[in-house]
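Accompanying notes for the structure given below.
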Amino acid sequence: MRISGFAARLGTALAIEVVAAGMAPMTRAATVAGVVAIVERDGARGDPSSAVVWIEGAPGPPPSPERAAITMRGKAFEPAVLSLPVGSRLAFPNADPILHNVFSVSADNQFDLGLYPRGPGREVVLRSPGIVRVFCNVHPQMEALVVVTPGRWVARPAADGRFSISDVPDGRYTVRVWHERGGSGESQVELTAGNVPEVEIRLDASAWRRRPHLDKNGRPYQGAQGATRDPY
Amino acid sequence: MTALVGGLVLASTGAVWLRTWSLAGPALDAAVLRARDLVDEAVAARLDRLDLVTRLLASDGPFRAYVAEGDRPSILDNLADRMTLYGCDAFVIADARGDFLADTRRPTEAAPGPVGQSVVEAALLGGHARGVWVERDGRIYLAAATPIEAGPASVLVALEEVNDVRAMALRQATGVDLVFFSRSGPFGPVLPGAATLPLPRARLATLVAAPSLGLTAVLDGAGGTEPRRIEADGAEHAALAAPLAAGDAAPATAAPAHRAGFVALRSVAGEVAWFAKIQGALLLVGLLAAPIAIGVGVLLARRITRPIGVLVHAIERARAGDYDAPLPPETGDEVGVLSSAFRSMMVRLKQQQEVDAWIGTVASQASSGARTASASPPAAGHLKRTQDTTATLDPPGAPVAGPGGAGTVLQGRFRLVALIGAGGMGTVWKARDESLHEDVAVKILVSGGLTGRPDLLERFRQEIRLSRRVTHRNVLRTHELLDLGSSWAILMEYVDGTSLDRVLAEGRLPFSAGVRIASQVADGLQAAHARGVVHRDLKPSNILVDALGTVKISDFGLARSAGVGEGLTIEGAVLGTPLYMSPEQAMGRTADERSDVYSAGVVFYEILCGRRPFDADNPVAVLRAHIELPPPPPRDLNPALLPSMAAFLLRALAKDPALRFASARDMAEGLDRAAAEGGAA
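Residue numbers (the working numbering), protein chains in the order written: chain R, 4 to 235; chain G, 13 to 693.
Written as structure tokens, this is what we have:
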């Protein structure tokens, strides 16, 4: 506690410097900085770089859609975590010599790209904000997470958990964090002139258990060890 | 001895060894049969698992999707994943024509051609199949095949190789050597399980190919064989051959080239090896232990034989007449008991020797006395003594009055031979029963006693009747009461010996002899008392001793019944010998068993101390002494007496009857105890 408190103070000091450095030309806009801490089982520190931080409720023009790709290589998705603005186009090229079947059953972004061989693959447009879980229907070990964000203010924390989002207009917002094992967390910030909020969000991943996911038909994977051995 | 024990050890070891070999046969057969059943079970379980794997995989959506696409790399990749997951050695997918579509063992080989295995053919024809898969190179697999209805594929086969590792596991489970074979070549260069055997492969192949094993028959589908004996590598083995996966339908229809079998093999030496080890250890222990056991045995035997040797020596010396040989120490074991028994026997023998010596003296005395008696009236000393000790009121001249002298025949039957005694009651003759040709004693009573007193006569008769009931070796038998007209006579057992008073005239008896006499007196009294007969006048002259040292107490109850005493008592005088009279008798009171105890005590005192406790010039003084004076301490007269024996005598001589031994039995026991303690130093 004492150490994390110290780290927080240190972080704040650094943030002030960063903010001070980037503040000069901008008016009526600020930078939100902070730190995300993932607490794993037994109090160990988790990897915060797989978290996504975004600010909800900030006014401004919607973000322009992007084009991105998650490559399937060695029966794994690369990268495994991605954040994209809503409306982005996401491709799944297959770099493996074998057939893969990419699909998602997540809420408003369901898709099934079918079985296809090595090549540029097929793509999908993510039309709704939210968490999109992507799987291969053949290989249960293949998992990818796409955080489809509604606004433009999004960040991925560094390995030490630090993040910063700049050019945020003044106002009261919710800073939201999502992490695969730690779940979601949030913090309220108020951005006014001269006020540089420092956000610290701690996510508890200690209770997380891997639960085998189902295939695109809603059935357990036959080959998945967890699925066949312990469906519950 | 050592050779004997060693021979026994070897012989028993050899016998057990032979028995082991004869028992090993059935055990071996049972072992290979059990191994066959275990292998069958294990194979069936493996096939079940392979079958389940193919069914699962054939129904798996993604897998079927791959198969439907006909994409070999994807299929092979997926199968590779499943191999790891399910623990299979290989998967094969064949198309509808029976050609290879995919084989995880040859992932890069594009089109290897027809599969050509009976299992696949059976699955193509009739659905699920299972059985043996034999490669051309001789490798043997267990296989389960399941149709896949997707794309060009038709049959999925899961394979598990029967390899050395698995053969070794089965060998450990069954305890029997296992060799799996097929018809590929001369049983193939590959013999799974062969690596586990301590035999070169070539020789093993020859062994397994032995015609007696019947491998060809197994491969031809004729089933397995019963356990047989085969010679392999110079050693005898129990072996049987059995088809692999015998329980499954496919092998029955399989081509001979696609059949496999296994040989279960166990060497007889292997079966008895553990026992040989145990027996070797036993033999070693036996051979090591035998000398120790023999040594200990010899030591133990010596511990027993040495005292026995001493005993034998003592016995030999005793036979030579020396009873003083040293004896082994008295220990708690049997030898000690024997030694103790022998010691007491020696004491007895020593006493007997003393008694014998003394008896010899007495006997010569007796015979000389008898001779004297036959020629003339009894020896002067004897008579004088008798007269001295008998009642004082004997009228002089009366004792020998009555019928006849030597040669007189009483009642036409009893010829008087010699006068052997005379006393207050009459004379005693040795007589000859002319009818039975036996010596008897006849006591002719003083005629005056009973004459004219029918009541006394009746009582006398009663007493004789009573005393006749007493039958004991230490009591003189009374036979008859003879009516001689003018007088009466008592017919008695004749004793060829002497009376104790004559013996005592020579002085103190040797201790052992004295105890023997005393103990017989106590026994005789005890027997009489048991019959309710009280003597009342026990004294040395009434105690006869024959030539063998046997005591006979005479004149039981006669003193009072004879009437003589009665009259005398009435007159206020005392009958008989006051020297041996109890205090209560001396005071004129009734006598009972304890009075006999007292009188016996006086006699024993005299025997052991050499003189009577109370002696005086006149009877009155003697009587007073009995009533008033304590007896002189016995050890003053015989210092060799032990205190226990002195105490015994003094207790018998207690003035108060209640303080004496309560009975002759108690007295006899007291005497035994005192004598057992040694009696005399």
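C-beta atoms are modelled at their ideal positions from N, C-alpha and C, and glycine is treated no differently. Computed from a predicted structure; not experimentally measured.
DSSP-derived helix/strand/coil call for residue i
i, result
"W500 (chain G)", "strand"
"C139 (chain R)", "strand"
"V188 (chain G)", "coil"
"P255 (chain G)", "strand"
"Q225 (chain R)", "coil"
"F616 (chain G)", "helix"
"N198 (chain R)", "coil"
"V429 (chain G)", "strand"
"P319 (chain G)", "helix"
"P123 (chain R)", "strand"
"L591 (chain G)", "helix"
"R76 (chain R)", "coil"
"T25 (chain G)", "helix"
"W286 (chain G)", "helix"
"W156 (chain R)", "coil"
"L118 (chain R)", "strand"
"G307 (chain G)", "helix"
"L13 (chain R)", "No answer about L13 (chain R) holds up, because its pLDDT of 47 lies below 50 and its placement is not dependable."
"V174 (chain G)", "coil"
"K564 (chain G)", "strand"
"L521 (chain G)", "coil"
"T34 (chain R)", "strand"
"F193 (chain G)", "strand"
Exposed unless 16 or more other CB atoms sit within 10 angstroms - verdict on residue i
i, result
"P268 (chain G)", "exposed"
"I456 (chain G)", "buried"
"G309 (chain G)", "exposed"
"L69 (chain G)", "buried"
"H449 (chain G)", "exposed"
"G315 (chain G)", "Residue identity check: residue 315 (chain G) is Arg in the sequence provided, not Gly. Exposed."
"E605 (chain G)", "buried"
"D149 (chain G)", "exposed"
"P303 (chain G)", "exposed"
"K289 (chain G)", "exposed"
"E201 (chain R)", "buried"
"S498 (chain G)", "exposed"
"V632 (chain G)", "exposed"
Residue i: first and last residue of the uninterrupted alpha helix (DSSP H) it sits in
i, result
"L488 (chain G)", "Run containing L488 (chain G): none; DSSP gives neither H nor E here."
"Q191 (chain R)", "Note, Q191 (chain R): premise wrong, no alpha helix (DSSP H); beta strand (DSSP E) at G186 to L194."
"R548 (chain G)", "From DSSP, R548 (chain G) is part of no alpha helix (DSSP H); its letter is neither H nor E."
"N104 (chain R)", "Taken as a continuous stretch (DSSP letters only), N104 (chain R) belongs to no alpha helix (DSSP H), being part of the beta strand (DSSP E) at H103 to S107."
"E146 (chain R)", "Per DSSP, E146 (chain R) belongs to no alpha helix (DSSP H); it is in the beta strand (DSSP E), E146 to T152."
"S86 (chain G)", "R84 to Y98"
Near the ligand NAP: residue i beta-carbon under 6 Å from a heavy atom
i, result
"D115 (chain R)", "By its list of ligands, the structure shown contains no ligand whatsoever, and the ligand NAP lies outside what it can speak to."
Enclosing beta strand (DSSP E) for residue i [first to last residue]
i, result
"Y153 (chain G)", "I152 to A162"
"R278 (chain G)", "A272 to S279"
"Y176 (chain R)", "G174 to H182"
"D451 (chain G)", "E450 to L457"
"E59 (chain R)", "V55 to E59"
"D5 (chain G)", "Outside the displayed span of chain G (13 to 693) sits residue 5 (chain G), for which this structure offers no information."
"R92 (chain R)", "R92 to N97"
"S209 (chain R)", "From DSSP, S209 (chain R) is part of no beta strand (DSSP E); its letter is neither H nor E."
"D72 (chain G)", "Per DSSP, D72 (chain G) belongs to no beta strand (DSSP E) and is neither H nor E."
Within chain A, the residues that residue i reaches when beta carbons sit closer than 7 Å
i, result
"S86 (chain G)", "Here the protein chains are R and G, and chain A is not one of them."
Quiz item: Does the stretch 54-65 of chain R come within contact of the stretch 214-223 of chain R, defined as at least 3 CB pairs closer than 8 Å?
Solution: no
Self-check item: Three CB pairs or more closer than 8 Å across the stretch 40-59 of chain G and the stretch 331-350 of chain G
Solution: no
Quiz item: Hey, which unbroken runs of the beta strand (DSSP E) at 3 residues or more fall wholly within the stretch 105-130 of chain G?
Solution: 112-115
Self-check item: Segment contact flag, the stretch 61-70 of chain R with the stretch 99-110 of chain R, C-beta cutoff 8 Å, min 3 pairs
Solution: no
Quiz item: Counting pairs of beta carbons, one from the stretch 96-108 of chain G and one from the stretch 234-242 of chain G, are three or more of them closer than 8 Å?
Solution: no
Quiz item: Between the stretch 586-606 of chain G and the stretch 631-650 of chain G, do three or more beta carbon pairs fall short of 8 Å?
Solution: yes
Quiz item: For the 8 Å Cβ check, are there 3 or more pairs between the stretch 33-52 of chain R and the stretch 170-177 of chain R?
Solution: yes
Practice problem: Determine contact between the stretch 36-52 of chain G and the stretch 130-147 of chain G, defined as no fewer than three beta-carbon pairs at a distance below 8 Å. | Solution: no
Self-check item: Touching by the beta-carbon criterion (3+ pairs, under 8 Å), the stretch 107-118 of chain R and the stretch 78-89 of chain R
Solution: no
Exercise. Say whether the stretch 154-165 of chain G touches the stretch 66-83 of chain G, bearing in mind that this needs 3 or more beta-carbon pairs closer than 8 Å, one atom from each stretch.
Key: yes
Self-check item: Segments assigned alpha helix (DSSP H), at least 4 residues, entirely inside the stretch 648-679 of chain G
Solution: 655-664
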